[in-house]
Every structure is written in structure tokens, then in C-alpha cells.
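K.L.:
I'd like to ask you about the structure that follows.
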């Protein structure tokens with residue numbers, strides 16, 4: 008009998024990039040076997056895609072409802088153990104809900120839901136059973152990010168006094184300046200994209216990374232968002248002042264109109280004993296600063312790193328980790344949790360973390376709408 | 008007869024680093040000859056220091072008042088043409104005032120004064136005569152910064168929609184966490200340092216750089232400052248939301264508790280056609296971003312640069328420009344203005360720019376004090 | 008029926024890192040299904056490992072001879088189509104030989120064999136049938152490396168006049184200075200490791216990359232190798248002067264005693280119209296230099312890249328490619344070749360390229376042994 | 008009486024960049040006062056230039072012979088103490104010779120002479136008196152280069168086992184491919200430029216830096232030079248294998264046809280305990296590598312540096328040092344020597360170092376001419 012976990016997938020068919028990313032990640036540590044799913048709302052397309060993946064047609068379903076119902080009829084030792092949810096955002100909630108109600112472990116793309124209230128509901132559901140539930144904030148999977156988390160936890164940089172997160176992209180720039188495009192693209196349509204574009208899509212990543220790394224909760228936000236045109240309803244840029252307390256403050260900066268930027272997520276966290284800097288586009292370098300010693304550059308796979316970081320490096324030092332590896336590490340974390348192998352706190356982003364993300368988006372939009380006032384988080 | 012300008016210096020004696028910087032800068036383009044000054048309030052020290060510089064004792068004065076009075080008695084063709092003011096901040100105002108009243112060209116260290124009202128007074132004085140008055144925001148002197156200014160002016164990145172300035176240092180970190188130190192150091196004493204530490208000292212640099220590069224005026228600020236300890240009166244960290252307009256926004260971030268940071272001033276400016284990034288600690292690289300072409304890296308001294316940039320490079324491409332060169336370029340700009348040689352707008356930071364800096368500091372502190380509200384600038 | 012290629016694997020069991028790398032790569036583009044193999048010489052370990060992978064026990068074999076014999080008895084539509092050879096170096100030759108004789112497509116780890124004469128034999132065997140045969144010089148799989156190859160081919164940097172390849176590691180440093188270690192480690196034992204350590208293991212990578220990128224053949228080599236201790240037989244450092252012609256020259260530098268270096272493979276290639284620089288540890292940046300324009304930095308996934316480069320990028324620009332992606336791209340190239348999908352020259356390193364590598368090693372060692380003389384290649 | 012040294016200058020008039028560099032450097036630490044010289048062979052131009060510098064016409068001379076004769080008639084306390092030689096290469100020898108014969112301290116541009124035999128002659132002359140004689144290998148003046156020298160001296164990286172120096176430029180590329188230009192430019196005319204272009208101009212810099220940093224002497228060289236065209240007599244590219252001993256080897260690589268490179272001098276030195284990397288175009292970062300600890304990045308002006316490094320930093324950490332500062336540090340070193348202030352070995356490049364440079368050029372050209380054989384150095 009294989010020790011691999013039986014994985015089902017919802018969404019991610021056709022040319023979906025996120026589908027490729029999750030499938031590769033699932034295979035990365037020999038922990039999962041993809042056995043079925045529902046990849047496409049169109050039954051024909053769905054079957055064709057499943058065939059391409061070489062799946063048993065009996066485990067390919069026309070809808071997520073049928074998938075869950077059919078799988079529940081299978082004996083426990085055959086049933087899918089984990090289901091990945093890669094569908095458009097508004098489907099995350101109904102799918103995750105039904106999966107939770109039936110006891111499946113879930114790996115769900117971010118944002119968790121389209122509203123904070125839905126997110127809370129899922130959280131409460133999960134508390135009742137003991138399933139693993141990961142929200143794929145992918146960037147937390149980098150080995151050197153985990154090293155940073157570990158060192159902060161161990162007090163290496165002391166008490167945190169200043170944080171600065173950036174997530175700059177420029178991709179919406181050609182769209183936003185074209186009236187017909189900005190009025191038609193689904194990303195800027197509140198009915199399809201929710202209450203926020205920039206903060207909802209990427210600001211929330213930066214926010215999650217901050218709480219993930221520091222193990223601290225942001226207490227208050229004050230936001231100023233930019234819509235650039237009066238006929239555009241959703242923010243495409245914004246700066247959010249944050250406070251952990253009156254003496255520990257910082258900022259989250261996000262933009263989709265930082266022209267020419269690709270995926271520029273950066274971290275800067277300063278404590279009373281030291282600081283860290285990290286850049287997602289160069290994810291294998293962790294910069295560690297102190298008052299009185301030379302800057303140190305930590306790189307993945309080296310013996311001087313923590314066990315939490317090293318368990319996620321597959322090759323010797325000097326072999327760069329890319330985004331596929333990062334997602335693979337998250338899948339690995341979920342598998343360790345399910346299998347009961349030694350599990351590290353922070354091995355994958357939890358449902359609670361997904362819920363915080365939804366709250367963040369809503370409070371940021373509210374702060375901006377109310378004239379840039381402080382709101383509790 | 009030498010074509011060099013006759014330069015006097017106030018302050019900068021003893022071990023003063025700023026004194027070294029100005030003297031080297033003055034010599035960099037063979038445009039100035041230092042002929043005298045008052046370098047030290049102690050007459051003995053003053054004389055001794057002047058002797059070290061090889062100056063004629065007749066032009067070394069016991070006070071700035073005596074300097075001005077004595078020089079005014081000399082014939083115009085012998086009199087100092089320019090006086091540099093390198094004294095502690097509170098002396099800038101009285102010295103600059105008397106120099107302006109007597110028609111001297113002035114090169115003054117920043118911040119211009121200790122209050123906005125003093126600054127305005129100097130501005131009005133200068134308008135009455137036609138002297139050159141530079142405020143040494145040194146970082147504007149880098150050739151590649153001037154290239155950036157020039158390209159923005161020529162519309163290369165289009166209409167500006169997003170700006171992000173950072174000035175992070177960590178030097179106050181060991182001081183601020185030591186109660187006796189933080190209660191005694193002059194930098195944190197409002198009587199000596201004015202109403203602000205972090206914003207006054209470095210935030211103002213970032214603010215000036217922003218307006219220098221964009222040729223735009225910030226209209227509103229909203230600030231959140233950090234004092235870290237309740238018994239510390241002055242800000243040592245802060246984030247300032249800024250608005251040029253409702254559709255062109257950004258942020259200025261400054262800190263003296265970014266532990267381990269040395270002098271990390273960075274610029275990010277994005278327009279609808281492109282963007283720029285620049286870092287002071289690596290001042291010879293200008294990153295130019297666009298929607299659809301590879302990132303370009305511009306370096307000083309290359310033929311593809313503008314005349315404004317090239318006039319300030321002394322050696323061929325590949326020979327790094329340092330901070331001494333930057334100050335030298337500012338001195339050169341002042342000399343060109345005085346001598347009536349082809350002068351570039353932006354060749355040195357003007358008195359008006361110094362005045363703006365004072366206003367910025369006062370409004371930022373006020374926004375923070377009033378509970379993080381927007382104030383006009 | 009699945010469109011996936013049926014893949015068998017020789018070696019790579021247990022904790023083998025190379026095994027992980029090949030399995031992930033095989034799964035990266037949904038082009039392969041691992042259906043069996045022989046992972047371990049120990050039958051028990053072999054079965055156990057296959058079970059962990061969830062494989063059908065019928066396709067798990069006790070030796071490579073049994074594997075080939077058994078698979079040959081299966082109908083063509085069930086038989087393995089590709090076999091990966093990940094065993095210790097001395098087994099590459101017998102395995103690849105038998106696989107070629109029986110018409111299998113082969114993906115073989117480098118170095119191809121332990122001697123040039125064995126390598127030639129394989130090359131001749133392959134010429135008789137039409138199978139795909141890849142030698143996994145992994146670093147050629149990076150999308151931006153492929154972009155470089157494409158631009159050189161299209162004459163972007165003109166006629167090549169100067170090349171400089173570096174491959175520096177430091178891992179052998181702690182071993183080489185310990186007499187008992189250097190006399191016992193298999194890597195420095197000529198009976199196990201062949202005639203060369205440094206040139207054989209990494210110099211050959213740099214050499215292959217050079218010919219891969221330029222589509223030119225090195226004509227002559229002159230080598231100076233370093234053994235560091237008289238009781239050490241194999242080179243652990245060396246510099247190889249190379250000539251394409253009398254007017255197009257360069258150098259390959261390799262070291263295992265560059266203390267502190269991890270896996271520092273770099274490329275610098277200069278033509279009469281431009282030049283390229285690339286670093287493996289930062290594999291997502293291609294630096295393009297010209298006489299008279301700013302340095303350009305090309306990054307994967309951008310529309311300005313060639314089709315050859317873009318087909319190997321799985322995610323949007325700004326998502327870093329790591330080493331797993333690089334190997335995945337090579338597997339993808341082999342699959343395209345086998346399936347007859349549009350195939351790019353250079354999509355995977357061929358058998359001929361593996362043969363060249365063996366010749367290079369032998370000639371370099373010979374040049375050094377004969378007193379640093381030029382030898383034809 | 009001023010404590011400044013009385014400095015005379017030969018050459019460097021008109022638009023000479025090297026003239027600017029030396030004058031700024033001389034002024035950088037308030038150690039020199041330029042009192043006269045002969046800046047231009049044309050008496051009119053000479054006078055005009057001196058006037059621009061504001062010099063006393065009595066100390067401006069029509070030729071270097073007149074300068075020396077006239078200065079020798081002045082009392083010792085008025086006479087020039089140091090003379091800088093910035094004239095074309097072929098004039099270095101006669102000028103330096105006469106200056107030495109008359110007891111002047113000398114600061115001479117590199118290369119020291121046009122032949123090794125002339126260089127030796129100067130060395131013998133200097134041994135007879137006790138003057139300071141600096142050859143301005145400018146790049147040795149960077150504070151962080153001095154830190155590297157100091158750490159190597161103190162055994163931080165242990166016994167040196169591998170060195171790799173690079174000096175790549177691309178400026179001759181547009182010239183060399185144009186037949187009329189390459190046959191007419193003085194740089195490629197052996198009568199004017201001596202026996203070598205690339206090695207003589209920049210290879211020698213890399214060579215000097217290597218011996219400067221390691222305090223070791225290269226014993227043997229084997230060179231392969233590239234002339235690119237048969238009608239071009241001088242090398243414009245070359246690789247030089249070097250040996251300190253049979254167990255400590257390396258390479259010096261130099262090029263003027265590395266298209267697009269500006270002034271890319273790099274250092275890589277590895278010992279049995281650690282290694283260093285440094286790049287001239289980014290001169291404020293020293294990379295320190297070890298077997299088992301994170302990479303460290305040392306930056307100028309920090310308290311963790313040595314006294315030898317810190318004495319040459321004028322401003323706090325984070326303020327970049329440029330090439331002007333580097334030359335200034337060399338002038339300062341000479342002044343400390345002359346004045347008998349605490350002097351550091353390595354504070355300026357000595358005459359002996361200049362002589363080694365001439366020998367290096369001659370032996371490299373000879374090795375190449377004789378068919379790439381090893382020659383003693």
C-alpha cells in the first residue's frame with residue numbers, strides 16, 4: 008500500500024497556471040497522489056483534462072457536490088483525504104464549507120472567501136472537527152522565509168519596533184488608463200472581484216506574511232487607497248498605516264500601478280536587537296542586520312540554518328529555490344500534519360490565517376472610505 | 008587673476024566631518040578658493056584650525072558678525088563672494104540673515120532653520136536681492152539623480168501616479184533603549200533639536216528629494232510618528248502619507264530605529280509610462296522600468312545620459328561617484344550660477360527648497376499630534 | 008488513454024536528492040507518468056521505496072537487466088517509453104548501452120560515462136536508431152538561459168570574441184586539508200571518481216554551457232590544475248585556457264576550494280556587438296550589455312522574450328524559477344521530442360553534448376599532465 | 008605657518024581628468040597645498056591654466072627641468088616637498104629620475120615607466136635617499152580594500168590557495184573592429200603605447216592589487232593574449248595563469264573587448280579558512296565567505312573595521328566612497344609618510360610596486376610570444 012495521501016482537486020483545469028503550480032507542489036515530496044477531482048465546469052472539458060492527467064475516470068466528477076457525495080460513499084481507506092480548492096474566489100466558500108462539513112482536509116487558494124463573515128463561518132466549522140485546512144499564501148513556503156520566522160521567534164532581533172511590508176506590481180497600469188478596459192475588466196468589477204482589487208489581491212499577502220513572520224497581531228489600521236480614476240470603483244493602490252501598539256508601528260504598501268514592477272513583495276522587520284530584509288523576487292537571500300556587526304546574508308540549505316528551514320530544502324546550498332518549491336513546501340506541511348509526522352507550527356498557512364486576511368481587507372477599505380481613520384483589527 | 012570664487016566658511020572646524028565634506032567639495036571643480044572664515048567659537052581653536060588650512064590670518068575672524076563687518080569694508084574684488092554656513096542648526100538663521108542682508112551668496116547646511124517662520128523670513132530677504140542661496144541637500148548632487156530628474160521632466164515616465172520615499176537609519180537604536188541616554192542626548196532634547204528628530208533630520212531629505220525629482224508640490228500630509236518610549240519627546244520613526252492630488256499619492260517613510268540600517272535613502276517613482284528606482288547607498292545605478300521592456304540600468308558618465316547629468320561626472324563610466332562628488336556637484340552648481348556660466352535648474356537646492364523643508368517638518372508633527380489627520384502643505 | 012509518457016527510473020531511491028529532482032521534474036508539465044523502475048540495488052529497499060512512490064509492484068525490478076528484459080516482453084503501448092538513469096557514474100555506460108540497444112528513450116545524469124571511449128560508443132549506438140537521449144546538464148533548463156542562447160543565435164551580440172565561464176564551489180575545502188579525509192573520500196579516489204574531480208564534476212558543466220550557448224566548438228585547451236597536496240591524485244581546482252580560433256578566446260575556471268562558495272556558476276560572453284552575463288545562483292536575471300546603451304536586465308516570463316524561453320516559464324513574471332523548474336524544463340523538452348510536439352533545438356542536452364563533455368575532461372587532464380600545453384578538442 | 012605639504016604638479020592641465028582627480032585628492036584631507044608646477048608643454052596654456060588654479064606665477068614653470076632647477080634654489084622651507092607626475096607615460100621616467108636625484112618626494116601615475124629596465128633604475132635611485140615615492144594604483148585607496156588587506160594579513164582567511172583577478176572593459180570594441188581606427192589610434196601603436204595595450208594598461212592594475220592584498224609575490228606566469236586582428240600589434244585581451252607555488256595558483260583576466268563592460272575590476276581570493284570577493288564598480292561592499300557561516304558584507308566606516316581602514320573613511324557608514332576618495336586616501340598616505348605621522352604599510356603604492364608592474368607586463372608579453380610557456384616573475 009502506498010503511503011501517499013489521496014488528493015482530489017477542484018478547479019485548475021485547462022491552461023490554469025495555479026493548477027500547474029498545485030500539481031507540481033503535490034508531487035514535490037512524494038507525499039500525495041492525485042486521484043481525481045472536478046477540474047472544469049464543462050463536463051466534456053473536465054473529462055478531457057482528467058484524461059490528460061492520466062486519472063481514473065471513475066474519480067472524475069461533474070461538480071463539486073457530486074464529488075463530495077460520491078467520495079463519501081467510498082470506504083475511508085479509498086476516499087480522498089485532501090481536496091485542493093483552486094476555483095474562482097466566490098466558489099471557495101461553498102466548496103470549503105461542504106468539504107469541512109464532510110470531514111475532508113482542505114488546501115484552499117487565497118483569498119479564503121469573498122467576505123469576512125463567510126470566512127468566520129468556515130473557521131467555526133473547522134473548529135468542530137480536526138481537519139487540516141491550509142490557505143495557500145505561497146510565499147511563506149520559501150525555506151529562508153521559514154528561517155526568518157524561526158529566528159524572530161527565538162528572539163534573535165529582539166522586540167519588534169518597526170515593520171515595513173511592500174507588495175508592488177505594475178500589471179494593471181496599461182488597463183487602468185484605458186477607459187473601456189477599466190470599465191469592463193472583471194478584476195475591477197466589484198460584483199466579481201469583491202470590495203477591493205489591490206488590497207484584496209496582494210495587500211493581503213503582505214499582511215499575512217507580516218503576522219506569519221512576527222507571530223503578532225496587527226491591532227489597528229489607517230488606510231489611504233487610490234482609485235486613480237473617478238469611474239473606477241476599486242482600489243488599485245494603497246498605503247496602510249499599522250499599529251501593533253503605540254510603540255510598535257509600521258506600514259503595508261501595495262500597488263498594481265507601480266509601473267514596471269513584476270511581483271515585488273519585500274519584507275523589512277526591525278527589532279531592538281536586529282533586523283531582517285527579504286525580497287520575493289530574490290527569495291534565496293535573507294539579510295540579517297545588527298547594530299554593530301557586518302551584514303549577514305543567509306542562504307537556503309546551509310548547516311547554520313534551523314531544522315524548520317532545512318526540512319524544506321531539497322538540494323544542497325547554491326541551488327536556487329523557486330516558487331514551485333515554495334508551494335511544494337506548503338503541500339508538504341499539510342501532509343506532515345495529516346500523517347502526524349513531526350509538524351512545525353507555520354508549516355502551512357492555516358484557516359485562521361485566511362480569516363484574518365478577510366478581516367484585514369474589510370477594515371482597510373472601511374478606513375479609507377471613512378476618511379482615513381484608525382480602525383481596530 | 009584667478010577665476011576662482013572667494014569662499015568663506017562659518018563652522019566646520021575641529022574634527023567636523025561636514026567641514027571636510029564642504030572643503031573637499033569646494034575644491035572639486037577648481038571653482039572656489041577658501042580664503043577665510045570663522046571655524047570655531049573658541050578664538051584659539053579657530054586660529055589654530057585656520058592655520059592648519061594654511062589661511063591668511065587676516066581673514067580669520069572671531070565671530071560671524073566680525074566676519075561680515077570686516078569683509079564689508081574690503082573692496083568688492085577682494086571680499087568673500089560666497090559664505091558656507093556649517094554651524095549647529097540654531098545658528099543657521101541669524102548667520103544666513105545677516106549674510107543675505109549684506110548681499111553675500113550663501114551655501115547653508117540643512118535644515119535651513121529651526122522653524123518654518125524663520126525660513127520664510129530668509130526667503131523674503133533673498134527675494135530682494137539676487138544672490139545665490141543653496142541649502143545642501145547633498146544627495147541631489149549625484150549625477151544619476153540629476154539624470155532621473157531630467158528624464159522625469161522630459162516625460163519619460165509620464166504622469167506621476169505613485170511615489171514612495173524611504174530614509175531608514177538605525178543609529179539611534181542603542182541610545183533609545185537606554186533610559187539615561189535617551190533622556191540626555193541633545194538629539195532628543197526639543198530645546199536643542201527642535202520639534203522633531205527623525206522627520207527633521209532625515210524625513211526632510213526624503214521629502215526634498217521627492218519634490219526635487221518630480222517638480223511637483225505635495226499638497227497634503229497625514230503622519231503617524233513613533234516615540235517608542237513615553238519619556239521620549241521627539242519622534243525617532245514615522246510614516247507620512249502624502250497626496251499630490253486625489254489621484255497621485257504616496258508615502259514617505261523615515262526611521263532612526265531601523266536597526267542595522269546605515270543610511271538607506273531610496274526613491275521609487277512611478278508614472279503612467281514608466282518608473283524609477285534609486286538607492287543612495289548604491290548611488291551609481293538608476294533603475295528604469297516600463298510596462299513592456301526589460302529593466303534598464305543607467306550608470307554615470309555614459310554618452311546616453313543628459314547634459315545635466317554628464318556635466319557633473321568627472322571621470323569615465325565605471326568610476327564610482329561617492330558622497331564627496333555629490334557635494335562637489337552642488338558647489339559647482341552654485342559657482343556656475345554666480346559666475347553666470349550655463350546653469351541648470353536643479354543644479355543646487357535653493358532657499359525656497361529649504362523653506363519647504365521647514366514647512367514639511369512642522370506639518371508632519373502637527374498631523375501626528377492631532378491624531379493622524381490630513382493637513383495641507 | 009492518458010497522453011502521458013510512461014517513464015521508468017534507474018537509481019534515485021532512498022534519500023537521493025537527484026531522485027527527488029528527477030521525479031519532480033517529470034511531474035512538472037504533466038508529460039510523464041512514473042510507472043516503475045529499479046531504484047536500489049538491494050531488492051528489499053527497492054520494493055519498499057517503490058511502494059512509497061505508490062507504484063505497481065509488477066513494474067518494479069531487481070536489476071536493470073531484468074527491467075529491460077521484462078519491459079521488452081510487454082506490448083509497445085504498455086512498455087516504458089523513457090528510462091532515466093540516475094545511478095552512480097560507472098553504471099551509466101552499461102545501462103545506457105543496453106537501453107539504447109533495445110530502443111528506449113533515455114534521460115541520463117552527467118557525466119555521461121567514465122571515459123571518452125565509452126561515450127563515443129553510446130553516441131554511435133544512438134545514431135543507428137532514432138531515440139531521444141538527454142544528458143541532464145540541468146542549468147541549461149533555465150528559461151533565461153534559453154533566452155540567452157536564442158539571442159546569441161540571432162546575432163544580437165554579434166560575432167563572439169571573448170568568453171569567460173566560472174564554476175566555483177568550496178565544499179571540498181574542509182576535506183582536502185585533512186590528510187585522512189583526503190586519502191579516503193571516494194570523490195578523490197581515481198578508482199571510483201575517474202581521472203578528475205573538479206573538471207570532471209563541475210568544469211564539464213561550465214564547458215557544456217559554453218558550447219550550448221554559443222553553438223560553437225572549442226578547438227584547443229591548455230590547462231593548469233591544482234591538487235593542493237602531493238598525496239592527492241585528483242585536481243580540485245583548475246583554469247583552462249580555451250580557443251575557438253586565434254581571434255576568439257577565453258577561459259573556463261573551476262574550483263572546489265573556493266572557500267565559502269556554494270554553487271557559483273557564472274557566464275560572461277562578449278561579441279562584437281554586445282555581451283551577456285548570467286549567474287546560476289541568481290538565475291532569473293540576464294544582463295545584456297552593449298557599447299552605447301544602458302545595461303538591460305531580462306527576466307523570465309515577460310512578453311519581450313523569445314518563444315523558446317517563454318514555453319518554459321510556468322508562471323507570470325516576478326515568480327522566481329528555481330532548480331526544480333530547470334530540470335522540469337529538460338524533461339519537458341524530451342517529452343516534446345518524443346511526442347513530436349514543436350521541438351526547439353537546445354530543448355534538452357543531447358547525447359552528443361554528453362560525449363563532448365567526456366572528451367573535454369580527458370584533454371584537460373592531459374594538457375595539465377604534459378606541462379600545460381595546447382591540445383586540440 | 009601652515010602644516011600643509013607644498014605640492015607641485017607636472018602635467019594634468021587643460022581638460023585632463025587625471026589632473027582633476029589628483030588635485031581633488033590632494034585637497035581631501037587638508038594635507039597638501041598646491042603651490043605650482045608645469046601643467047602643459049605650451050607655455051601660454053601652462054600659464055593660463057595655473058592662473059585658473061589661482062597659483063602664484065613665480066612657481067609656474069615652462070618645463071620640468073626649469074621647475075626642478077628653480078625649486079632647488081629656494082630654501083628648504085619654501086621648496087616643493089612633493090611633486091606629482093601626471094604626464095604621458097614616456098615622460099614618467101625622465102621626470103621621476105631627476106626628481107629623485109634632487110631629493111623630492113614623488114607621486115607618479117602608473118605605469119611607472121615604459122620599460123622594466125627604466126623602472127629598476129628608478130628603484131635603485133630611490134634606495135639611495137629616503138624619499139616617499141608613490142605609484143598611483145588608485146583602487147588600493149578604497150577603505151574596504153584596505154580592510155581586506157588587513158584581514159588577510161591577520162590570517163582571517165588562512166593560507167591562500169586560489170586567486171582570481173578580473174579587469175574587464177569594453178571601450179576598445181568600437182575601435183578595434185574599424186580597420187582605419189585600429190591602425191591609427193595611439194593606444195594601439197607600439198611606438199607610443201609600449202609593448203602592450205590591455206596588460207599594460209589594466210592587467211597591471213589587477214596584478215598589483217593581487218600582490219598588494221596578499222603580500223605575496225607571483226612566481227610564474229603563462230599568458231595567452233588576443234590581438235583580434237592580424238594587423239593589430241598590441242594585445243587587447245588576455246588571460247594570464249599565475250603561480251605563487253605549485254599549490255597556490257590562480258588567474259588574472261583582462262580585456263578591453265568585453266563589450267559593454269565599463270571598469271569591471273574584481274577580486275576573488277580564497278584561503279584555507281575563508282575567502283573574499285570585491286568589485287570596484289561597487290566599492291563599498293566587501294564579501295567575506297567561510298566554510299560554515301553566513302556570508303558577511305563589510306561596509307566602510309563601521310566600528311567593526313580595522314584602524315587602517317577607518318582612518319581613510321571621512322564620513323559615517325552609509326555614505327558611499329567614490330573614486331575621488333580612493334585617490335585622496337593615497338595622497339593622505341604619502342603625506343603621513345612624509346610628515347612622520349603614524350603610517351600604515353600599504354598606505355600608498357610604493358616605487359617597488361611600480362617596478363613589479365613593469366616586470367609583469369614584460370613577462371606576460373614574452374610568455375605569449377613564446378607560445379604560452381611558463382616564465383618566472
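Protein chains in written order, with the working numbering: chain A, 8 to 384; chain B, 8 to 384; chain C, 8 to 384; chain D, 8 to 384.
Beta carbons are placed, not taken as given, at the ideal position from N, Cα and C, and that holds for glycine.
Assign residue 70(D) to one of two classes, buried (16 or more other C-beta atoms within 10 Å of its C-beta) or exposed (fewer than that).
P.N.:
Answer is exposed; the Cβ neighbour count stays below 16.
K.L.:
Can you check whether the CB of residue 41(D) is closer than 9 angstroms to the CB of residue 60(D)?
P.N.:
Residue 60(D) places its beta carbon less than 9 angstroms from that of residue 41(D).
K.L.:
Quick check: the Cα distance between residue 288(A) and residue 269(A), rounded to an integer number of angstroms?
P.N.:
Straight-line Cα distance between these residues: approximately 9 angstroms.
K.L.:
Quick one: list the residues of chain B neighbouring residue 300(C), beta-carbon separation under 9 angstroms, in chain order.
P.N.:
303, 309 and 311
K.L.:
Of all the options 82(D), 125(D) and 76(D), which has the alpha carbon lying nearest to the alpha carbon of residue 109(D)?
P.N.:
76(D)
K.L.:
Could you tell me whether any Cβ in chain C is nearer than 9 angstroms to the Cβ of residue 235(D)?
P.N.:
yes
K.L.:
Straight-line CA distance for residue 208(C) to residue 313(A)?
P.N.:
29 angstroms
K.L.:
Taking only beta-carbon atoms, is residue 8(D) less than 9 angstroms away from chain B?
P.N.:
Confidence at residue 8(D) is low in this model, with a pLDDT of 36, below 50, so the placement of that residue should be treated as unreliable; the coordinate-derived value is given next. Yes - at least one Cβ of chain B is within 9 angstroms of the one on residue 8(D).
K.L.:
Between which two residues does the beta strand (DSSP E) containing residue 66(B) stretch?
P.N.:
It is not in any beta strand (DSSP E) - residue 66(B) carries neither H nor E in the DSSP assignment.
K.L.:
Mapping the DSSP letters down to three states, classify residue 193(B) as helix, strand or coil.
P.N.:
helix
K.L.:
With distance defined between alpha-carbon atoms, name the residue in 271(C), 242(C) and 92(C) nearest to residue 44(C).
P.N.:
92(C)
K.L.:
Measure the C-alpha to C-alpha separation of residue 350(D) and residue 157(D) and round it to an integer number of angstroms.
P.N.:
The C-alpha of residue 157(D) is placed about 14 angstroms away from the C-alpha of residue 350(D).
K.L.:
Run through chain A and tell me which residues come within less than 9 angstroms of residue 221(B), C-beta to C-beta.
P.N.:
Neighbours of residue 221(B) on chain A: none; closest Cβ ~14 angstroms, over 9 angstroms.
K.L.:
CB residue 334(B) to CB residue 99(B), shorter than 9 angstroms?
P.N.:
At least 9 angstroms separates the beta-carbon of residue 334(B) from that of residue 99(B).
K.L.:
Can you find at least 3 beta carbon pairs, one from the stretch 215-233 of chain A and one from the stretch 195-202 of chain A, that sit closer than 8 angstroms?
P.N.:
no
K.L.:
How close, in whole Å, do the beta carbons of residue 126(A) and residue 341(A) come, if the pair is a contact with beta carbons under 8 angstroms?
P.N.:
Incorrect: roughly 19 angstroms between the Cβ atoms, too far for contact.
K.L.:
Rounded to whole angstroms, what's the CA-CA distance from residue 283(C) to residue 167(C)? Just pull it up for me.
P.N.:
C-alpha separation (whole angstroms): 11 angstroms.
K.L.:
Could you tell me which uninterrupted beta strand (DSSP E) segments, each at least 3 residues in length, are contained entirely in the stretch 263-332 of chain C, listed from first to last along the chain?
P.N.:
271-278, 281-286, 293-297 and 302-305
K.L.:
Whole angstroms is fine: what's the gap from residue 247(B)'s alpha carbon to residue 36(D)'s?
P.N.:
About 39 angstroms.
K.L.:
Take residue 149(D) as the anchor and find which of 380(D), 331(D) and 379(D) has the nearest alpha-carbon.
P.N.:
If you compare the alpha carbons of 380(D), 331(D) and 379(D) with that of residue 149(D), the shortest gap goes to 331(D).
K.L.:
What is the DSSP secondary structure of residue 237(B), counted as helix, strand or coil?
P.N.:
Reduced to three states, the DSSP call for residue 237(B) is coil.
K.L.:
Any beta carbon from chain A within less than 9 angstroms of residue 67(C)'s own beta carbon?
P.N.:
no
K.L.:
DSSP state of residue 229(C), grouped into three classes?
P.N.:
In the structure shown, residue 229(C) sits in a strand (DSSP, three-state: E or B).
K.L.:
By alpha-carbon positions, which one of 250(C), 214(C), 279(C) and 298(C) ends up nearest to residue 261(C)?
P.N.:
214(C)
K.L.:
Could you name the residues of chain A that residue 332(C) contacts, counting a contact when the two beta carbons are closer than 7 angstroms?
P.N.:
What residue 332(C) touches in chain A: 329 and 331.
K.L.:
Alpha helix (DSSP H) containing residue 463(C): first to last residue?
P.N.:
Chain C is shown from 8 up to 384; residue 463(C) falls before or after that span and cannot be answered.
K.L.:
So is residue 328(D) buried or exposed if we call it buried at 16+ other beta carbons inside 10 Å?
P.N.:
Burial of residue 328(D) is indicated by the presence of at least 16 other C-beta atoms within 10 angstroms of its C-beta.
K.L.:
CA-CA distance, residue 66(C) and residue 359(A)?
P.N.:
44 angstroms
K.L.:
Give me the chain D residues within the contact set of residue 260(C), using Cβ-Cβ distance strictly less than 8 angstroms, ordered along the chain.
P.N.:
Neighbours of residue 260(C) on chain D, chain order: 171 and 258.
K.L.:
So, at 6 angstroms on beta carbons, what are the nonlocal neighbours of residue 202(D) in its own chain, with the 5 sequence-adjacent residues on each side left out?
P.N.:
372
K.L.:
State the start and end residues of the unbroken beta strand (DSSP E) segment that holds residue 86(D).
P.N.:
Neither: residue 86(D) is in no beta strand (DSSP E) and is coded neither H nor E.
K.L.:
Along chain D, in chain order, which residues have C-beta atoms closer than 9 angstroms to that of residue 264(C)?
P.N.:
Residues of chain D passing the Cβ test: 168, 169, 277 and 279.
K.L.:
Check residue 124(D) in the structure and name its three-state DSSP category.
P.N.:
helix
K.L.:
The beta strand (DSSP E) that contains residue 51(A), what's its start and end?
P.N.:
Where residue 51(A) is concerned, there is no enclosing beta strand (DSSP E), although the alpha helix (DSSP H) it sits in stretches over 50-59.
K.L.:
Just checking: is the beta-carbon of residue 338(C) within a distance shorter than 9 angstroms of some beta-carbon in chain B?
P.N.:
no
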